[in-house]
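Asker: Sharing a structure here in structure tokens format.
Residue numbers (our numbering): 5 to 336.
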């Protein structure tokens, strides 16, 4: 009987031990399943421009895909492209025409998804500036985020479309705050702006006009960029990231006001400024997150025409095969 009791007790201990080991294994498996990914932003990630990604992270869309995403910041889209191309970050955000600028210089990145089918950069001018069309910018001061950001190159393309060069306009790199504050204070007549900066200028009571860049220049929206090596080595991660990010954009498209409220929960720096965020996301819904047959799709024809334009105006020195600039394989 004593031997039986000992045997029974041993079995119970073994069962408990096995259960503990099994539970620990499940915990370890769960931890392993959360793949760590670094996403590089071209500007501070608190900007409403990046709402789809903040929503994807804050609402658990990345986690649902098994991704643990860490947000980091670089100085402009060109720098993002270089860092992603060099493998210092798995994935990053640049304007969709970014690969046109950098692949010719040996930076192996492609766009794998787009946040909308229209241009990201909007030409925004003060109502009292006397500017009603791009050619009126001659001799005027206009601000940009930085000389490394792809919105700066889009501005150069816009100017070239009406026969102007960088030398015809006083372009000032003013940083993420100065770019819009200069417009509000009258230090510049306008900016190569984005929807969230438009909302910030308007919040100061400044009257502005938006000159839709698309009418003069086939600019692109924000895109998700990865390296050729990452596409080859880890396409599953890219697919998961794109899927989660597009869920975030769809939230803005479906209800920008609710998306703005959710965004502020995840980015508390905007607490008390909800109207500004709502205005910005409504601009994105109206001006940028449109004209896509499939959510996230890159328009290859538009990209090709844009590259032809850059080459014609001398902004780039040589063309890159268009299929090396983007892929829609991750748009499902």
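Every residue, glycine too, gets a C-beta built ideally from N, C-alpha and C.
Let me make sure I understand the geometry here. Which of 83, 286, 293, 175 has the alpha-carbon closest to that of residue 253?
Answerer: 293
Asker: Within 10 angstroms of the Cβ of residue 46, are there 16 or more other Cβ atoms? Answer buried if so, exposed if not.
Answerer: buried
Asker: I need the DSSP call for residue 317, collapsed to helix, strand or coil.
Answerer: coil
Asker: With a threshold of 7 Å on Cβ separation, who are the neighbours of residue 295 within its own chain once the five nearest residues in sequence on each side are excluded?
Answerer: 121, 122
Asker: Give the single residue among 287, 288, 266 whose Cα lies nearest to the Cα of residue 278.
Answerer: 266
Asker: Using only the alpha-carbon positions, how far apart do residue 249 and residue 56 sit?
Answerer: Rounded to the nearest angstrom, the gap between the Cα atoms of residue 249 and residue 56 is 6 Å.
Asker: What residue range does the beta strand (DSSP E) around residue 166 cover?
Answerer: Run containing residue 166: none; DSSP gives neither H nor E here.
Asker: Are residue 212 and residue 287 touching if we call contact CB-CB under 8 Å?
Answerer: no
Asker: Which first and last residues belong to the alpha helix (DSSP H) in which residue 291 is found?
Answerer: Note, residue 291: premise wrong, no alpha helix (DSSP H); not H, not E.
Asker: Would you identify the three-state DSSP class for residue 329, choosing helix, strand or coil?
Answerer: coil
Asker: Provide the residue(s) that pair with residue 39 in DSSP beta bridges, ordered along the chain.
Answerer: 71
Asker: Would residue 108 and residue 322 qualify as a contact pair, given that the criterion is a beta-carbon distance under 8 Å?
Answerer: yes
Asker: DSSP three-state call for residue 97: helix, strand or coil?
Answerer: The three-state reading of DSSP puts residue 97 in strand, counting E and B together.
Asker: Between residue 270 and residue 62, which are expected to be in contact by the criterion C-beta below 8 Å, what is the C-beta distance as a whole number of angstroms?
Answerer: 3 Å
Asker: Just to check my reading of the structure: residue 89 and residue 113 have Cβ atoms closer than 8 Å, yes? What is that Cβ distance to the nearest angstrom?
Answerer: 5 Å
Asker: Do the segment 139 to 149 and the segment 178 to 198 meet, that is, are 3 or more Cβ pairs less than 8 Å apart?
Answerer: yes
Asker: Out of 60, 205, 81, 70, which one is the CA nearest neighbour of residue 37?
Answerer: 70
Asker: Considering residue 61, what are the terminal residues of the alpha helix (DSSP H) in which it resides?
Answerer: 55 to 62
Asker: Is the Cβ-Cβ distance between residue 128 and residue 77 less than 8 Å?
Answerer: no
Asker: What are the start and end residues of each continuous beta strand (DSSP E) run of 3 or more residues lying completely inside the segment 110 to 184, in chain order?
Answerer: 113 to 118, 126 to 130, 145 to 148, 174 to 177
Asker: Quick check on residue 333: buried or exposed, where buried means 16 or more other Cβ atoms within 10 Å of its Cβ?
Answerer: Burial call: exposed.
Asker: Measure the beta-carbon distance from residue 220 to residue 162 and round it to whole angstroms, keeping in mind my assumption that it falls under 8 Å.
Answerer: 6 Å
Asker: What span of residues does the beta strand (DSSP E) with residue 276 cover, start to end?
Answerer: Going by DSSP, residue 276 is part of no beta strand (DSSP E) at all; its letter is neither H nor E.
Asker: What residue range does the beta strand (DSSP E) around residue 263 cover?
Answerer: It is not in any beta strand (DSSP E) - residue 263 instead sits in the alpha helix (DSSP H) that spans 260 to 270.
Asker: Buried or exposed: which applies to residue 58, given that a residue is buried once 16 or more other Cβ atoms fall within 10 Å of its Cβ?
Answerer: buried
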